[in-house]
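Residue numbers (mature numbering (1 follows the signal peptide of the UniProt record, and there is no 0)): -19 to -1, 1 to 318.
C-beta: ideal position from N, C-alpha, C; glycine also.
One structure below.
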C-alpha cells in the first residue's frame, strides 16, 4: 500500500510540476556533428544543446562580459544581446548579434567567431571581431538589429537586417564575412511604410522586423515578422513570407505584391493558446525543413517558449506549417551540466 501511495503521490507531483520548457526569444539553430545548438536573445547570448531537438541542456552564455564596443553604439545597453544569427563558413562558426536600446536605432551589429560550438572542446573560444554595422538616430532611417547572413550562388555573403523605420535592408559583406564589402552595395528588401520614412528618433508605425532568408530550389525565401513582440497578451507578432529568384530581390508574395510595398503572405499567426509568434529562422537538417521561432504560451502567463516545426512546401513552391504543431512540440530543459 505504501508503494501504491508513493507512486500516486509522484504522479500527482509530476502533474502539478510539468517539465520546464526552453524559454527563448529570437531563436536560431545550428548542428555540429550529432548535436544541435540553439542561440537566443539574452544576457551575453544564451544557448542550449540537444541530441534530439526535444531535450535541451543550458550551456550558459556566449559572452562572459560585454562586447567592448556595445556601450558606444548603444549607451543604454543592459547586457541583453539581441537576435543572434549563427552561420558556418570556411571551417568556422560566425555568430552575428545586435545591441540596441528598446525602440531606438542607437544600434549596432557585431560578429564573433569560433572553431566549434561545443563548450567542452579544447578548441572552444569565441573571438569577437567587433562591429559590422551601426545605425545612428536622425542620420539613418533604418535600424541595425536582427542580422541574418545568406550566401548566394556565387559565394557572396549578404546580411539582411532591420526593424521598423523604413524597413528591412540587405548589404553585401566582405570576403571575411566580418565587415561590409567595398564598394558598398545596399538594397531595400521589405517595408511597411509609404516609402517616405524620415531619419527620426522614433520608430514609426511600420511594424516589420527580423528578416531571415532561406534558400531552397530556385528561390530565396524572405521570412519576416509583422506586428509587435514582447507585450504578452497584446503581442501581435506573426510570420510573413515572400520569395525571389535573386537574393537582392524583389521579394513578392503569393499575389505578386512586392514586399517593399507592404506585401507578404501569412505563414503562421497566433491563436488562443499561443501569442506573439515570430522572429523565426529556417533550416534544412537531416532531410527535413524546419521553422524555428518563439511563441508566448497563454496558459503559462505568456512565457516565451521554443518552437521547432517541420515546414513543407506545396506544389507551387510555397512553405507551410501545421498550426497544431505549436501544441505538439514541447521542449524539455535539462539540468545544466
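Bridge-paired residues (DSSP) for residue i
i	result
residue 105	In DSSP, residue 105 forms no bridge with anything.
residue 291	271
residue 42	27
residue 197	200
residue 16	13
residue 286	276
residue 21	27
residue 314	37
residue 224	202, 233
residue 148	BP columns for residue 148 are empty, so no partner.
residue 129	141
Secondary structure of residue i, DSSP reduced to three states
i	result
residue -1	coil
residue -17	Note on residue -17: pLDDT 39, under 50, position unreliable in the model; the coordinate value appears next. Note: residue -17 maps to helix in three-state DSSP.
residue 93	strand
residue 265	strand
residue 296	coil
residue 55	coil
residue 236	coil
residue 169	strand
residue 308	helix
residue 66	strand
residue 242	helix
residue 138	strand
residue 85	coil
residue 321	The shown model of the chain, from -19 to 318, leaves out residue 321, and the question about it has no answer.
residue 153	strand
residue 301	strand
residue 213	helix
Contacting residues, own chain, Cβ-Cβ under 8 Å from residue i (five flanking each side not counted)
i	result
residue -7	Unreliable positioning characterises residue -7 in this predicted model, as indicated by a pLDDT of 42, which lies under 50. A coordinate reading is not provided.
residue 250	219, 220, 258
residue 226	199, 200, 201
residue 72	96
residue 260	6, 7, 8, 64, 127, 190, 191, 206, 210, 218, 274, 275
residue 22	5, 6, 7, 61, 62, 63, 64, 65
residue 302	248, 249, 272, 290, 291, 292, 293
residue 246	221, 222, 223, 234, 235, 236, 299
Beta-carbon spacing of residue i, residue j below 9 Å
i	j	result
residue 218	residue 272	no
residue 287	residue 108	no
residue 244	residue 238	yes
residue 191	residue 7	yes
residue 95	residue 116	no
residue 319	residue 315	This structure leaves residue 319 out entirely; the chain is present only between -19 and 318.
residue 277	residue 270	no
residue 203	residue 224	yes
residue 143	residue 125	yes
Expected contact under 8 Å - CB spacing of residue i and residue j to nearest Å
i	j	result
residue 55	residue 89	6 Å
residue 254	residue 209	Contact flag wrong, Cβ pair sits at about 19 Å.
residue 256	residue 214	6 Å
residue 138	residue 154	4 Å
residue 110	residue 159	4 Å
residue 187	residue 145	5 Å
Nonlocal neighbours in the same chain, by C-beta distance under 7 Å from residue i, ignoring five residues either side
i	result
residue 32	15, 16
residue 310	288, 289, 290
residue 318	38
residue 216	209, 210, 256, 257, 277
residue 98	11, 13, 18, 74
Cβ neighbours of residue i in the same chain (closer than 6 Å, five flanking residues each side left out)
i	result
residue 404	Only positions -19 to 318 of the chain appear in the structure, and residue 404 is not among them; the question remains open.
residue 305	none
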